[in-house]
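Input: a single structure, listed below in C-alpha cells.
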DNA sequence: CCCGGAACCTGAAGGC
DNA sequence: TGCCTTCAGGTTCCGG
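In this note's numbering, the protein residues as written are 3 to 270.
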C-alpha cells in the first residue's frame with residue numbers, strides 16, 4: 003500500500019514521538035514478519051536499544067538505533083501505530099514496548115510486510131536508486147537512470163533501482179502530470195519529455211505528501227487517521243470519468259500485471 | 001534485458 | 001443469505 007508520501011508521513015509523525023526512547027520489550031505475535039535475522043536474534047538485538055533517529059529510504063522506514071538499524075517495509079497492508087497501551091488485535095504482528103509504556107505496534111492484514119535488524123543498512127540500501135525528492139536529484143539524473151533501459155515508463159517508475167519510493171498510484175499520477183503514456187519506451191523520450199517526467203514525479207509525490215498520503219483502504223497515519231490525498235488524485239481510480247485536462251474518459255488497463263489508469267488522448 | 005504470470009496472504013465488494 | 005469471482009497501495013522468482 004504505502005508509497006513514498008505515505009511512508010514519509012509516518013516518519014514525520016513518529017519522529018517526535020519515539021526519538022530518544024528505549025525499546026524495553028519486543029513481542030512477536032507472528033514471528034514470520036521478521037525477515038532477518040532469526041526471530042529470536044531479532045528480539046535479542048532490538049531489546050534495550052535506543053531510537054536515535056527516524057528516517058526513510060525509498061519505501062523503507064529506517065530507525066537508527068544506538069546499535070544497528072531497524073528497518074520496516076509495509077508492503078501492501080502494513081501499518082505502524084502508537085498505542086497508549088496494548089489492546090487485542092487479530093492483525094497485530096509485533097509490539098514494541100517503549101520506555102514510556104506506549105506500544106509501537108506493527109499491524110499487517112496480508113502478512114507481506116517485513117521487519118529487519120541489520121548492523122549497517124548501507125549494503126541493504128545499495129540496490130535502491132536515487133530519492134526523487136532529494137534536491138540534488140535533477141532532470142539529468144533521471145535521464146541517466148533511464149539511459150540504456152529498454153522498458154516502458156510505467157515499469158521503470160515502479161522499479162526501485164531506477165528511483166526509490168514510487169508505487170502504482172504515484173506512477174500513474176506522475177505520468178498523467180507529465181502527459182506521457184505508461185507504455186512509452188524510455189528510450190523514445192526527448193530532453194523536454196524527460197524534464198516533464200521529472201517535474202510530474204516531483205509534483206505527484208509532493209501533492210501526496212501535502213495531504214499526508216492516500217488512503218484507499220488500509221493506510222493510516224500513526225494515530226489512526228486517514229490521509230486525504232485520495233480526494234485529489236488526478237487519474238488513479240478514475241476509470242470512465244473525464245480527464246481533468248481534456249475531458250476524455252480515463253481508461254483502466256492491466257499493464258505489467260498492475261492496473262494502470264491514464265488518459266488515452268493527452269498522454270502520448 | 002524484458003515481459004507476463006504466479007506466488008506470498010487476507011479480506012472487501014459486487015454479481016447472481 | 002450465501003457462493004463465487006475479482007481486485008488490492010509491493011516484491012520476487014520462474015519461464016519464454
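Ideal placement from N, C-alpha and C gives every residue a C-beta, glycine not left out.
Classified as buried, residue 206 has 16 or more neighbouring CB atoms from the shown chains inside 10 Å of its CB.
Residue state for residue 218 is assigned as coil, using DSSP reduced to three classes.
Residue nearest to residue 4 within the set 96, 57, 172, 100 is 172 (criterion: CA-CA distance).
The alpha carbon of residue 139 has as its nearest neighbour, out of 200, 123, 36, the alpha carbon of 200. Residue 174 sits close to residue 262, with the two beta carbons spaced by under 8 Å. Leaving aside the five residues that flank residue 24 on each side, the residues in its chain whose CB is nearer than 6 Å to its CB run, in chain order, 52, 101.
Secondary structure within the segment 84-138: the beta strand (DSSP E) runs of 3 or more consecutive residues, fully enclosed, are 94-100, 105-110, 116-120 (chain order).
Remark: fewer than three beta-carbon pairs, one from each stretch, lie closer than 8 Å, so the segment 149-169 and the segment 98-114 are not flagged as touching.
In this structure, the straight-line span from the alpha carbon of residue 26 to that of residue 50 is close to 5 Å. For residue 43, the enclosing alpha helix (DSSP H) starts and ends at 41-48. Looking only at 127, 60, 235, 142, the smallest Cα-Cα distance to residue 246 is reached by 235. In this structure, 160 is the residue among 121, 160, 46 with its C-alpha nearest to the C-alpha of residue 130.
Measuring C-alpha to C-alpha distances from residue 118 to each of 7, 71, 220 identifies 71 as the nearest. Exclusion of the five residues before and after residue 148 leaves 188 as the residues of its chain whose Cβ lies within less than 6 Å of its Cβ. For the 8 Å CB-CB criterion, residue 66 and residue 45 do not form a contact.
Beta-bridge annotation (DSSP): residue 75 is paired with 62, 116.
Here the alpha carbons of residue 133 and residue 59 stand approximately 8 Å from one another. Annotation note: the segment 191-261 contains the following uninterrupted alpha helix (DSSP H) runs of length 4 or greater, listed N- to C-terminal: 193-212. Taken through DSSP and simplified to helix, strand or coil, residue 9 comes out as helix.
In its chain, beyond the 5 residues on either side, 81, 93, 94 have a beta carbon closer than 6 Å to the beta carbon of residue 109. By the CB criterion at 8 Å, residue 210 and residue 39 fall outside the cutoff.
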